[in-house]
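**Student:** Sharing a structure here in structure tokens format.
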Amino acid sequence: MFPDLSAARRRRPTIAARAVAGILMAALVAAATAAMLLVPMAGGPRADDIRFFRIGTGTTGGTYFPVGGMLANAISNPPGSRPCDRGGSCGVPGVIAVAQATQGSVENLKEMRTGTLESALSQADIAFWARKGTGPYKGQQPFEQLTTIANLYIETVHLVVRAESDIRSVADLKGKVVSIGEEGSGTLVEARVILEAYGIAETEIDPRYLKPGPAGDRLVEGGIDAFFIVGGHPVSAVAEAAARTPIRLLSFDDAQGRSLKERLPFFTESVIGEGVYEGVSETRTLGVGAQWLVRGDVPDDLVYGITRALWHPSTRRLLDNGHPKGPSIQLATATRGLAAPLHPGAARYYREAGVLEDDGAEPKVEPLQEPERPEDDPMPALPVPVPPAQ
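What follows is the structure in structure tokens.
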């Protein structure tokens, strides 16, 4: 039986992480305001021409935050920007998008449900369960407003130990000090699923609920024996730890790992190549899709513009050079394995691009299959989000 998620300590994002998002927002607002002041009054952009669009990402030590920053850059086009055909922004006119640092997938979906975020990045499995009201969301109302802009790339499960450690498999974690991710993160959900598959109760380890950066620091300093992080490699927190001390990544290429892929079809086989992290050899691990989600009540024309900007040729250069995971974000795989249906605005673009058949019908994009679990082996429940006061 899976452990109860409510046992995790309540952790809020660091002041520094929130400050990054605040600084970005302030800078963009200032830039837009300055541009408006420089444009002649007649025919110039007005304050109501500006539309802010928030993208929930993850911690600054993970992959979601820098990838979300690239996406925000690609779709933003503040009033007064240089035109696209003159080397300027090719984003949505009037849109200022901001990548907001969060704890990760679980918090992102909670904030989207309450309307605090218009869009967010999430692991496919967690998004699927949230939309259906199943798995760890059993007993909660299905998040039917959850829709998709694009499937982005495969995230990989990292289980990091020091190179000299006697931990050679997940089974060796018993009795060890292990960071399994902070509450609100997809890492915490996946770590608990993995521990259960290997027959390890959370009470059989000494758990810590750390962000990736502090977890890497503690590993280097000897304060913990191992840490989990789910993210598109290379993950900065892992790379920084590897640069400071020799590390190893544990493989899931065994019977328990294979059973996980069978029981939870969201998991796929993934390989972290040799040299991705300093001194670390090729490691076979598990992967899960990272997807860009949006509330279904965001206007169709806005989501159409965002999707079009995402796949504009100028964005290709940004993605290819902005982050090592950027080249994996491809139009050809944008509608594969979706955890939630496409937003109508996104579907319109994909039809025009020839990715979906333009037959006038709703796009028939099959979501990931929900894993079948016996009634006596439920997923752990997640706390019910409370809508903000009106």
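When the count follows the working numbering, it moves up by one through the sequence shown with no breaks and lands on 983 for the last residue.
No residue lacks a Cβ here, since even glycine has one placed at the ideal position from N, Cα and C.
Being a predicted model, the structure only gives us computed values, none of them experimental.
Mind checking Pro735: buried by the 16 CB within 10 Å criterion, or exposed?
**Tutor:** exposed
**Student:** Excluding the 5 residues flanking Thr926 on each side, which residues of the same chain have their C-beta closer than 7 angstroms to its C-beta?
**Tutor:** Asn744
**Student:** Run through DSSP, which three-state label would Phe845 get?
**Tutor:** coil
**Student:** I need the boundaries of the beta strand (DSSP E) containing Leu585, first residue and last residue.
**Tutor:** In the structure as shown, the chain begins at 594 and stops at 983. Residue 585 is therefore absent and cannot be evaluated.
**Student:** Give the DSSP-derived three-state secondary structure of Ala692 in the structure shown.
**Tutor:** The answer is strand: DSSP assigns Ala692 an E or B state.
**Student:** Measuring straight from C-alpha to C-alpha, what distance separates Gly880 and Thr740?
**Tutor:** 22 angstroms
**Student:** What span of residues does the alpha helix (DSSP H) with Gly898 cover, start to end?
**Tutor:** 893-903
**Student:** Drop a sphere of 10 angstroms on the beta-carbon of Arg785, count the other beta-carbons inside from all chains shown, and report buried for 16 or more, exposed for fewer.
**Tutor:** buried
**Student:** Determine, using beta carbons only, whether Gly809 comes closer than 8 angstroms to chain C.
**Tutor:** Among the chains in the structure shown there is no chain C, since it carries only a single protein chain.
**Student:** For Glu783, count the other beta carbons within 10 Å of its own beta carbon; 16 or more makes it buried, fewer makes it exposed. Which is it?
**Tutor:** buried
**Student:** I need the straight-line Cα distance from Tyr730 to Gly697, nearest angstrom please.
**Tutor:** Distance between the alpha carbons of Tyr730 and Gly697 is about 16 angstroms.
**Student:** If we ignore side chains and look at the alpha-carbon of each, how far apart do Leu752 and Gln716 end up?
**Tutor:** 17 angstroms
**Student:** Who are the near neighbours of Phe845 in its chain, counting only those whose CB is closer than 6 angstroms to its CB and skipping five residues on each side?
**Tutor:** Thr878, Leu879
**Student:** Per DSSP, Val823 is paired with what?
**Tutor:** Val750
**Student:** Leaving out the 5 sequence neighbours to the left and right, which residues in its chain are closer than 6 angstroms to Ile787 when beta-carbon positions are compared?
**Tutor:** In its own chain, leaving out the 5 sequence neighbours on each side, no residue places its CB closer than 6 angstroms to the CB of Ile787.
**Student:** May I ask which residues mark the beginning and end of the alpha helix (DSSP H) holding Ile668?
**Tutor:** 657-668
**Student:** Roughly how many whole angstroms lie between the Cα atoms of Met634 and Pro676?
**Tutor:** Confidence at Met634 is low in this model, with a pLDDT of 36, below 50, so its placement is unreliable and no value can be given for it.
**Student:** Is the Cβ-Cβ distance between Leu992 and Val685 less than 8 angstroms?
**Tutor:** Absent from the structure is residue 992, since the part of the chain shown begins at 594 and ends at 983.
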